[in-house]
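Q: Numbering (our numbering), first residue to last: 22 to 441. My questions all concern the structure below.
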């Protein structure tokens, strides 16, 4: 266990700064810069090349996060098992972002984007583990609301920044490479941390998959919670295909596209930020998580389905607002739900890494299947299929037991083995 504890009032801003740094480096490329980079390198095969870049990168992220969590759990350096990987991840991740800017072949973009995903997931795994390490259960709902909004805040900061940096694409990549390093240095200066001191079994144990991935039979609630997040996050994983949709459906020029993406990002960020914080606090107040998660997932799925049929940017914008409302509530409340059903406190970082696979896997699957879905029926079919999967994810939350009314959060026992 980690014997050093950071005061709550210091840990929250530290995690906020650290997460903003890594998301500012990752989100603008996913939303805009990777699309522009691929268009410059291979304009005739943008969709297929972009699919390779995003799907391979997301697959790497999916693998890297639980591996990073397991390594962090076992790090015994005096500098700290979490602080060490926040710093290393930010430096190597930033260097990888710079590598993308210097690339002039698609394979190079794939390589450096995959490296960026891997190294930033070491940073992310350490950030998330600090919540389980140092924040008591009674405060995790509110902290989930705050941290759940960071992706949206980072998106608006990142998109606004890259649009303000002018026409030079290289300058944008340089700036995005530096930001996570600076944020990491600030964050680790605020965090108290120590190396792993927990005792681990020294006798030889026969390796089994359940040592890495919790058994769905033994921990069915954890499995259903994982499945729900996995399916709901198919919608947000369309990433750069949403940008391509606007180009093809609304015929925006590159200059118009940048301003429209900035508008969508700004409005979406504000809405997501507000509803993430409000959703987290309201959920804690009523001690109810399932209605919020289910409603948010259904709202996100339905909004995406309708977007595929719209020919008006105004309607598209309104639906994006609806999706942002759902996303804000979902990210906050679902995270609080997930931390409640972790199978093993001693392997918190590793198990959080397994949960992060539910975030990363859709980012790999969706770009890979989007060309097929687009070929079958255009964006109407593609967005409808993805939206329906999100709604099914929301329904899966019904299998997760609710936190009992009148029970203090600190007294809630592990519910992952509950009979369903």
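Cβ coordinates follow ideal geometry from the N, Cα and C atoms, glycine included.
Sort 179, 354, 344, 292 by Cα distance to residue 258 and report the nearest one.
A: Position 237 of the chain shown, counted from the start, is the residue given in the question as residue 258. The option with the nearest alpha carbon to residue 258 is 344.
Q: Taking the alpha carbon of residue 137 as the reference point, which residue from 237, 44, 94 has its own alpha carbon closest?
A: Residue mapping note: residue 137 aligns to position 116 of the chain shown, counting from 1. With distances taken between Cα atoms, residue 137 lies closest to 44.
Q: Going straight from the alpha carbon of residue 340 to that of residue 288, what length do you get?
A: As a position in the chain shown, residue 340 is number 319, starting the count at 1. As a position in the chain shown, residue 288 is number 267, starting the count at 1. Roughly 12 Å between the two C-alpha positions.
Q: What span of residues does the alpha helix (DSSP H) with residue 305 cover, start to end?
A: Counting from 1 along the chain shown, the entry for residue 305 is found at position 284. Residues 275-307.
Q: Under a Cβ-count criterion, where at least 16 other Cβ atoms within 10 Å of its own Cβ denotes burial, should residue 280 be classed as buried or exposed?
A: For the purposes of this step, residue 280 is identified with residue 259 of the chain shown, where counting begins at 1. Exposed, because fewer than 16 other Cβ atoms sit within 10 Å of the Cβ of residue 280.
Q: So what does DSSP say about residue 454, is it helix, strand or coil?
A: The chain is shown only over 22 to 441; residue 454 falls outside these bounds and no answer can be derived.
Q: Which residue wins for smallest C-alpha separation from residue 349, given the options 89, 394, 385, 299?
A: On the chain shown, residue 349 is found 328 positions in, with the first residue counted as 1. It is 299 whose Cα lies nearest to the Cα of residue 349.
Q: What are the boundary residues of the alpha helix (DSSP H) that includes residue 181?
A: In the chain shown, counting from the first residue as 1, residue 181 sits at position 160. Start and end: 171-185.
Q: Closest to residue 150 by C-alpha separation, out of 90, 378, 324, 264, would be which residue?
A: Counting from one through the chain shown, the residue named residue 150 turns up at place 129. Nearest C-alpha to residue 150: 90.
Q: Keeping to the same chain, check which residues put their C-beta closer than 6 Å to that of residue 301; ignore five residues upstream and five downstream.
A: In the chain shown, counting from the first residue as 1, residue 301 sits at position 280. So the list reads 162, 163, 165, 166, 353, once near-sequence residues are dropped.
Q: With a threshold of 7 Å on Cβ separation, who are the neighbours of residue 140 within its own chain once the five nearest residues in sequence on each side are excluded?
A: Along the chain shown, read from residue 1 onward, the residue named residue 140 stands at position 119. Closer than 7 Å at the Cβ level, and outside the excluded window around residue 140, lie 110, 113, 114, 117.
Q: Only counting the same chain, and skipping five residues up and downstream in sequence, which positions put a Cβ closer than 7 Å to that of residue 365?
A: As a first step, residue 365 must be located in the chain shown, where it is residue number 344. Excluding residues within five positions, the ones whose Cβ falls inside 7 Å are 372.
Q: Counting along the chain, where does the alpha helix (DSSP H) carrying residue 130 start and finish?
A: Reading the chain shown from its first residue, position 109 is the one you call residue 130. First-last of the alpha helix (DSSP H) with residue 130: 127-155.
Q: Can you tell which of 312, 212, 411 has the C-alpha that lies nearest to the C-alpha of residue 152?
A: Sequence index remark: in the chain shown, residue 152 carries index 131 (1-based). For the residues 312, 212, 411, the minimum Cα distance to residue 152 belongs to 212.
Q: Between which residues of its own chain and residue 337 is the CB-CB distance below 7 Å, once the five residues before and five after are set aside?
A: For this step, residue 337 is matched to residue 316 along the chain shown. The residues are 328, 331.
Q: Run the CB neighbour count on residue 357, radius 10 Å, all protein chains shown included, and call it buried at 16 or more, exposed below.
A: On the chain shown, residue 357 is found 336 positions in, with the first residue counted as 1. That one is buried.
Q: Candidates 324, 375, 69, 273: which alpha carbon is nearest residue 389's?
A: Your numbering for residue 389 matches position 368 in the chain shown. Considering only alpha carbons, the answer is 69.
Q: Straight-line CA distance for residue 177 to residue 48?
A: Reading the chain shown from its first residue, position 156 is the one you call residue 177. Reading the chain shown from its first residue, position 27 is the one you call residue 48. Going by the C-alpha atoms only, they are around 9 Å apart.
Q: Between which two residues does the alpha helix (DSSP H) harbouring residue 328 extend?
A: Here residue 328 refers to the residue found at position 307 when the chain shown is read from its first residue. First-last of the alpha helix (DSSP H) with residue 328: 311-328.
Q: Does the count of Cβ pairs from the segment 410-419 and the segment 306-326 closer than 8 Å reach three?
A: The segment 410-419 vs the segment 306-326: in contact.
Q: Output needed for residue 35: all residues of its chain with C-beta closer than 6 Å, excluding positions within five of it in sequence on either side, in chain order.
A: Translated into the one-based positions of the chain shown, residue 35 becomes position 14. If we look at residue 35 and ignore the five residues flanking it on each side, its Cβ neighbours are 208, 211, 212.
Q: Cutting at 6 Å between CB atoms, please list the residues of its own chain near residue 347, excluding the five before and the five after it.
A: Within the chain shown, numbered from 1, the residue matching residue 347 stands at position 326. Hits under 6 Å: 317, 320, 321.
Q: Residues in its own chain within less than 7 Å of residue 382 by CB, not counting five upstream and five downstream?
A: As a position in the chain shown, residue 382 is number 361, starting the count at 1. Closer than 7 Å at Cβ, skipping near neighbours: 83, 251.
Q: When you compare only the Cα positions, how much space is there between residue 190 and residue 61?
A: The residue given as residue 190 occupies position 169 in the chain shown. The residue given as residue 61 occupies position 40 in the chain shown. Distance between the alpha carbons of residue 190 and residue 61: 11 Å.
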